[in-house]
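S.K.: If you scroll down you'll find the structure; I have some questions about it.
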Amino acid sequence: MKNTIKNIAIYSTAAFMLFATASCKKDFLDVNTNETTPEQVDVKYALPSAQSYLGYTVGNQLSLVGGFWAQYWTQGPNASQYAALDQYVYNSTEADRPWAALYAGTLKDLDFIYKTGQTDVTKKNYAAIARILQAYTYQVITDAWGDAPFSESLQGDKDLVSPRFDNQQAIYDGILAAINEGQAMLDDEQPTPGTDDLIFNGDLFLWYEFGNTLKLKVLLRQSEIRPSVAQAGIAEMFANGEPFLEQDAKLFYNDVRFQQSPLYTTANALGTSSNIFASATIVDYMSNTNDERLGDYFDPNGGGQVVGLEQGSGKLLGGNQTDDTWSRPAEQIIGPTAATTLISVAESDFLQAEAIARGWGSGDDEAAYYAGIEASWANWAGASAGDVATFEAGAGVVYPTGGTQQDKLTAIFTQKWVAMAGNQNFEGWTEWRRTGIPAFTPSATSVLGGNTFPARLVYPSDEVTSNQNFPGIKPVTEKMWWDVN
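Residue -13 is where the sequence shown starts when you use my numbering, and the numbers rise one by one after that.
Right under this line is the structure:
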């Protein structure tokens, strides 16, 4: 039976402080234990801590990068906080915080939960969820930075402080193995998390579906570099009738201090709303297809219209500009209660549509494509369910059932890009890197020259200076292993 995700407050700061304090183990005289300060935190506290770290990083720093580089957002003319992103500049010091949050925050907490479940059967389902979330987190890391510590990571307690960087292929294989292991551990005869699971309230079937959907994404990410591996893995899943997500995997927030969405907290701290504006790339496309989600993604400008700013052009405009000329992200996207989405139902449907369109899975690719659009529309207040059929039948949206495979894939990739605008920015940028669809014009202030786009995040400065096995600096233009377009 599936549970409904409740709007659970994420006490991020409290969870981080609790875990940091409670996990400090005393190594001297094993007597006179202080009962008021437990030596080891319970997994029911570690799980929301790990999920909070993950939500903060995916919904904040990585969302900002993805928002600008997937051409959903652009820098306004009257501020400069994110002008560097429009220039395709990303410094190593900027990578320190998300890298550390994912490794020392999310993965370290998940590793503690996983190891606890190996020796305590009552924590088995916590360990299973942790293993699946580890797989998700490692994919975020390798899709952001490429080669990364994997097989030797999280072993600082063994004095392994300079872990080697595994290549992306090895990490991807390890991710698939971790998903399979986590799914196999799920056991409905053992205790399950409740509200301490901030994503699915301990619903094991949803976690099983999450694992399958993540696995499908991992396999399709390799569609151009290892198509035979991708095809074999996907065909097996479809032949076995494996279920995929039918409920969004989200982290929710409340409009209360320390419980607000990560991106809102960051934007609010800057004290100005003059930084992030709608990119004309997404606005023009959605306007041309009469997409009602446009008004949910962006607020109208001073003239009552949704108007985008050409990517990167804000800092090139002369004279005093009026911010009300262009649209900003709407509250549903960047407000205090805006959720962080890890995997959406729309994404799940589009992944299935692609697998079927490629001939690697059985089913109806057209139906899955429209299901993806409808799942996205259902998330937005201004998009009328009654109008979705008209939208789907419109030019540039209707599924090309009689077209080539590439025609079908282009439609799927384009609508996935639209569906992810503002709510799955990093994934939207990652998929664009893999597919190159839709076509982009480089930012007007790009420092890369020509038709060149950023292809990765640069490694963090902390890793450059402290890891003796650091493999060397990679420029922002060096493509990922799977990016062969």
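Here a beta-carbon is modelled for each residue, glycine too, at the ideal position from N, C-alpha and C.
How far does the beta strand (DSSP E) with Thr327 in it reach, from first residue to last?
M.R.: Here residue 327 corresponds to residue number 341 of the sequence shown, with the count starting at 1. Residues 326 to 329.
S.K.: With distances taken Cα to Cα, identify the nearest neighbour of Gly304 among Glu317, Ser38, Gly62, Tyr58.
M.R.: Here the question's residue 304 lines up with position 318 in the sequence shown. Considering only alpha carbons, the answer is Gly62.
S.K.: Would Ala407 and Tyr283 qualify as a contact pair, given that the criterion is a beta-carbon distance under 8 Å?
M.R.: For the purposes of this step, residue 407 is taken as residue 421 along the sequence shown, with counting starting at 1. For the purposes of this step, residue 283 is taken as residue 297 along the sequence shown, with counting starting at 1. Yes; because the gap between Cβ atoms is below 8 Å, this pair is in contact.
S.K.: Taking only runs of the alpha helix (DSSP H) that begin and end inside the segment 177 to 203, which ones reach a length of at least 4 residues, in chain order?
M.R.: none
S.K.: Touch check for the segment 234 to 251 and the segment 322 to 331: three-plus C-beta pairs under 8 Å?
M.R.: yes
S.K.: Specify, as a first and last residue, the run of the alpha helix (DSSP H) that Gln141 falls within.
M.R.: Here residue 141 corresponds to residue number 155 of the sequence shown, with the count starting at 1. Looking at the DSSP string, Gln141 is not in any alpha helix (DSSP H), and its letter there is neither H nor E.
S.K.: Going residue by residue through the segment 229 to 289, where are the continuous beta strand (DSSP E) segments of at least 3 residues, counting only ones entirely within it?
M.R.: 235 to 237, 262 to 264
S.K.: Under a Cβ-count criterion, where at least 16 other Cβ atoms within 10 Å of its own Cβ denotes burial, should Cys10 be classed as buried or exposed?
M.R.: Position 24 of the sequence shown holds residue 10. Here the model assigns Cys10 a pLDDT of 33, short of 50, so the residue's position is not dependable and the matter cannot be decided.
S.K.: Can you look up Ala116 in the DSSP assignment and give me helix, strand or coil?
M.R.: For this step, residue 116 is matched to residue 130 along the sequence shown. Helix at Ala116.
S.K.: Between the C-alpha atoms of Ala163 and Gln169, what's the straight-line distance to the nearest angstrom?
M.R.: For the purposes of this step, residue 163 is identified with residue 177 of the sequence shown, where counting begins at 1. For the purposes of this step, residue 169 is identified with residue 183 of the sequence shown, where counting begins at 1. Going by the C-alpha atoms only, they are around 10 Å apart.
S.K.: Provide the residue span of the beta strand (DSSP E) that contains Gln61, from first to last.
M.R.: Here residue 61 corresponds to residue number 75 of the sequence shown, with the count starting at 1. Unbroken beta strand (DSSP E) run through Gln61: 59 to 61.
S.K.: Taking only the alpha-carbon atoms, compute the straight-line gap between Asn198 and Gln47 and give it to the nearest angstrom.
M.R.: As a position in the sequence shown, residue 198 is number 212, starting the count at 1. As a position in the sequence shown, residue 47 is number 61, starting the count at 1. Each residue's Cα considered, the two are about 27 Å apart.
S.K.: Which residue or residues does DSSP assign as beta-bridge partners of Ala134?
M.R.: The residue you call residue 134 lines up with position 148 of the sequence shown. Answer is Asp152, bridged to Ala134.
S.K.: Let's test the definition: count the other Cβ atoms within 10 Å of the Cβ of Ile319 and tell me whether it reaches 16, buried, or not, exposed.
M.R.: In the sequence shown, residue 319 corresponds to position 333, counting from 1. Classification for Ile319: buried.
S.K.: Keeping to the same chain, check which residues put their C-beta closer than 8 Å to that of Asn20; ignore five residues upstream and five downstream.
M.R.: Against the sequence shown, residue 20 aligns to sequence position 34. Confidence in Asn20 is poor, its pLDDT being 39 and thus under 50, which makes the residue's placement too unreliable to answer from.
S.K.: Rounded to the nearest angstrom, what separates Thr311 and Val293 at their Cα positions?
M.R.: For the purposes of this step, residue 311 is identified with residue 325 of the sequence shown, where counting begins at 1. For the purposes of this step, residue 293 is identified with residue 307 of the sequence shown, where counting begins at 1. In this model, Thr311 and Val293 are separated by some 7 Å (Cα to Cα).
S.K.: Which same chain residues, not among the five before or five after Gln493, have their C-beta less than 8 Å away from its C-beta?
M.R.: Lying outside -13 to 471, the shown extent of the chain, residue 493 is not represented and no answer is given.
S.K.: With H, G and I counted as helix, E and B as strand and the rest as coil, what does DSSP make of Pro84?
M.R.: Start at 1 with the first residue of the sequence shown, and residue 84 comes out as number 98. In the structure shown, Pro84 sits in a helix (DSSP, three-state: H, G or I).
S.K.: What does the Cβ neighbour count give for Leu256, buried or exposed, with the cut at 16 atoms within 10 Å?
M.R.: Taking the sequence shown and counting its residues from 1, one reaches residue 256 at position 270. Classification of Leu256: exposed, given that the 10 Å Cβ count is below 16.
S.K.: Helix, strand or coil for Leu48? Go by DSSP, reduced to three states.
M.R.: Taking the sequence shown and counting its residues from 1, the one referred to as residue 48 is at position 62. Helix, per DSSP.
S.K.: With DSSP as the reference, identify every bridge partner of Leu295, one or two as the case may be.
M.R.: Within the sequence shown, residue 295 is the residue found at index 309, counting from 1. According to DSSP, residue pairing for Leu295 in a beta bridge involves Ser265.
S.K.: I need the boundaries of the alpha helix (DSSP H) containing Val75, first residue and last residue.
M.R.: In the sequence shown, counting from the first residue as 1, residue 75 sits at position 89. Here Val75 belongs to no alpha helix (DSSP H), and DSSP marks it neither H nor E.
S.K.: Between Ser265, Ile262, Ala316, which has its C-alpha nearest Asp285's C-alpha?
M.R.: Translated into the one-based positions of the sequence shown, residue 285 becomes position 299. The shortest C-alpha separation from Asp285 is found at Ala316.
S.K.: Would the segment 378 to 385 and the segment 95 to 109 be scored as touching if the rule is three or more Cβ pairs under 8 Å?
M.R.: no
S.K.: Excluding the five sequence neighbours on either side, which residues of its own chain have a C-beta within less than 6 Å of the C-beta of Ala65, listed in chain order?
M.R.: Stepping through the sequence shown from its first residue, residue 65 is reached at position 79. Excluding residues within five positions, the ones whose Cβ falls inside 6 Å are Thr258, Ser260, Asn261.
S.K.: Going by DSSP, what residues sit across from Pro315 in a beta bridge?
M.R.: Residue numbering aside, residue 315 sits at position 329 when the sequence shown is read from its first letter. DSSP, once it has assigned bridges, lists Phe284 as partnering Pro315.
S.K.: Grouping DSSP H, G and I as helix and E and B as strand, with all else coil, what is Tyr355?
M.R.: In the sequence shown, counting from the first residue as 1, residue 355 sits at position 369. Reduced to three states, the DSSP call for Tyr355 is helix.
S.K.: Count the C-beta pairs between the segment 27 to 36 and the segment 222 to 237 that are closer than 8 Å, then say yes if the count reaches three, no if not.
M.R.: no
S.K.: Counting pairs of beta carbons, one from the segment 333 to 343 and one from the segment 216 to 233, are three or more of them closer than 8 Å?
M.R.: yes
S.K.: Which class does Ile165 belong to by DSSP, given the choice of helix, strand or coil?
M.R.: For the purposes of this step, residue 165 is identified with residue 179 of the sequence shown, where counting begins at 1. The answer is helix: DSSP assigns Ile165 an H, G or I state.
S.K.: Grab me the residues of Ala354's own chain with a C-beta within less than 7 Å of its C-beta, minus the 5 sequence neighbours each way, in chain order.
M.R.: What you label residue 354 is simply residue 368 of the sequence shown in a count that begins at 1. These residues qualify, in order along the chain: Asp335, Gln338, Ala339, Ile342.
S.K.: Can you tell me where the alpha helix (DSSP H) holding Ile220 begins and where it ends?
M.R.: Numbered from 1 along the sequence shown, position 234 holds the residue referred to as residue 220. Element bounds for Ile220: 213 to 225.
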